[in-house]
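Student: 133 is the number that the working numbering gives to position 122 of the sequence shown; each next residue is one higher, with no gaps. All C-beta atoms in this analysis are idealised placements derived from N, C-alpha and C, irrespective of residue type, glycine included. Sharing a structure with you now.
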Amino acid sequence: MRHALAYLLSLLAPLLATSIACAQNTSQANTQAVTQTGTQIGKQDAVRLLASTTITPNQQVTLAHIATIEGSQASLLSSIVIRESANPGDTISLADIRAAMRAQKGLNAGRIALSGSSVTLTAPSQPAPTPAKQDTTKTTATANQLRIRDAIPDFLAREYKVAPTDLQLTFDDSDTKLLDTPLTNRTYTLAPQGTSDRVPIHVRIYEGDTLIAAQTTRVAIKIQREVLIAALDISRGTPLDDATTTRERRWMPFATRVGDPTAILGRMAKSTIRAGSLIETRQTEEAIVIRKGDLVAVDCLAGSVVLRSQMRAKTDGRVGEFIDLVAVTPPKTAKSGKKSRDAQSRAQPTIIRARVAGPGRAVTTTDTSASQLRDGSQPTDELGNTSDARSAPDSSGTDAAPLSPSSPRGKQPGKRTIVLPLRPASDAPREDPRP
């Protein structure tokens, strides 16, 4: 019996030792997994989509081609296939990227921060056409000479919507290695990152699914533009026209905003401009079309009704600006030919606020007049008296029409309107505005 028990123990001893070793290994593996998970949780991954990227037809597109990736899962994220076969002109949306990430096994998508909306796939810049007489060897050599410095001019011409011949670029000598990188059978992206005279451009070059270069280079840009030049000394307030300016084509730094010459003509100088100087938009302002004291034809819009009155400007005005105007109708007189004492005691000028529409023209609405009431200004009629909503004839016998719908006879507290003397437009038939 004892021999049998000893024999059984000798058989079970190796099995027990193996079980204990397996349990210890499992515990160590779990500890390492928890440690790695804690490390991954401590640092969030970031994926930033590019605005556009260059591909060849029917190319497989991975996340590394269309985004910058940071974090502990960068290598796994870079290998995610977004499109098995894509062509220039396609657009990859954020939803496409999320779907591909969800299908990737072993990816902790909850710890990834995505930014950007979509990526446009574009075709690589092509070398200049080869003459028909050139042999095959030279054609191949020309294709192999396509470099980053050759691709940047065409890219910037499309980006800024100018002809390539109107661009003058100066590269940094320190970036020669990057600029001379050949692009044959490679994919590249260019992304401008500023609007200064020396524009930083971020360059990324891929060969297959391998990123071989990612660097920013600065390019000094000049653009040939049509500009306005002062033909003589122009003083402040002088209108800019063909007599005071000339047009020239000059190479201008990229950040200089000279403005369209056609848009500048017709404005006036904000300050003195010397002869031969370049005229920039900031040196000009809209011309004054109404001067203080000018008579102005004011159109008042009340629904579908347009009333016209002649008023006098209290301030200078440019097209689109609001100015104050006062009625020019003479005060009413008593039968004796003298001003009413009551009118003299309460006489205040009628003030209307209208938008300048052009030389001698302005437009107001009933809403503009109502805003004066909300601001606390006291509306008055042409005598300077506060008026109710009834129409009143002026001294010339022409009925005056209120700016707001007439109220019933009798006073209603809180309802006031401004009465304009009606001046029918010369091209419109004279009508009685009363119902």
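1. Looking at C-alpha atoms only, which residue of G369, K325, D244 is the closest neighbour of A298?
2. By DSSP, does E297 sit in helix, in strand, or in coil?
3. From S282, E291, L336, E218, pick the residue whose C-alpha is nearest to that of D305; which is it?
4. How about L243 and P272: do their beta carbons lie closer than 7 Å?
5. Based on the DSSP secondary-structure assignment, which residues constitute the bridge partners of P211?
6. Identify, in the order they occur along the chain, each residue of the same chain with its Cβ nearer than 8 Å to the Cβ of L339, setting aside the five sequence neighbours on each side.
7. Starting from S96, follow the alpha helix (DSSP H) in both directions and report where the run begins and ends.
8. Going by DSSP in three states, A324 sits in which element: helix, strand or coil?
9. Measuring alpha carbon to alpha carbon, tell me which of D184, T187, A202 ends up nearest R169.
10. Alpha carbon to alpha carbon, what distance is there between R113 and I66?
11. Assuming A308 contacts G371 (C-beta within less than 8 Å), just tell me the rounded distance between them.
12. Give the C-beta separation of P99 and A134 to the nearest angstrom, bearing in mind that I take them to be a contact with Cβ-Cβ under 8 Å.
13. Whole angstroms is fine: what's the gap from Q179's alpha carbon to P211's?
14. On the criterion of 16 or more Cβ atoms from any shown chain inside 10 Å, does T73 qualify as buried, or is it exposed?
15. Do you know how far the Cα of R278 is from the Cα of I163?
16. So, is P223 buried or exposed, given that buried needs 16 or more other C-beta atoms within 10 angstroms?
17. Just verifying my parser: in three-state terms, what is the DSSP assignment at L194?
18. T181 to F265, Cα distance in whole Å?
Tutor: Answer, in terms of the structure:
1. Per the C-alpha coordinates, the member of G369, K325, D244 positioned closest to A298 is G369.
2. Correct three-state label for E297: coil.
3. Measuring from the Cα of D305, the nearest candidate turns out to be L336.
4. Cβ atoms of L243 and P272: not closer than 7 Å.
5. In DSSP, P211 forms a bridge with R229.
6. What sits at residue 339 in the sequence shown is Val, not Leu. Only L306, Q321, M322, R323 meet the Cβ criterion.
7. Premise fails: S96 lies in the beta strand (DSSP E), 92 to 97, not in any alpha helix (DSSP H).
8. Residue state for A324 is assigned as strand, using DSSP reduced to three classes.
9. Minimum Cα-Cα distance from R169 among the listed residues D184, T187, A202 corresponds to A202.
10. Whole-angstrom Cα-Cα distance: 24 Å.
11. Indeed they touch by this definition, with Cβ atoms about 6 Å apart.
12. Yes, they are in contact, since the Cβ atoms of P99 and A134 sit about 4 Å apart, within 8 Å.
13. Spanning the two alpha carbons is a distance of roughly 15 Å.
14. Result: buried.
15. Cα to Cα, the separation comes out at about 38 Å.
16. For the sequence presented, residue 223 should be read as Ile rather than Pro. Exposed, because fewer than 16 other Cβ atoms sit within 10 Å of the Cβ of I223.
17. Coil at L194, not helix or strand.
18. Cα to Cα, T181 sits roughly 12 Å from F265.
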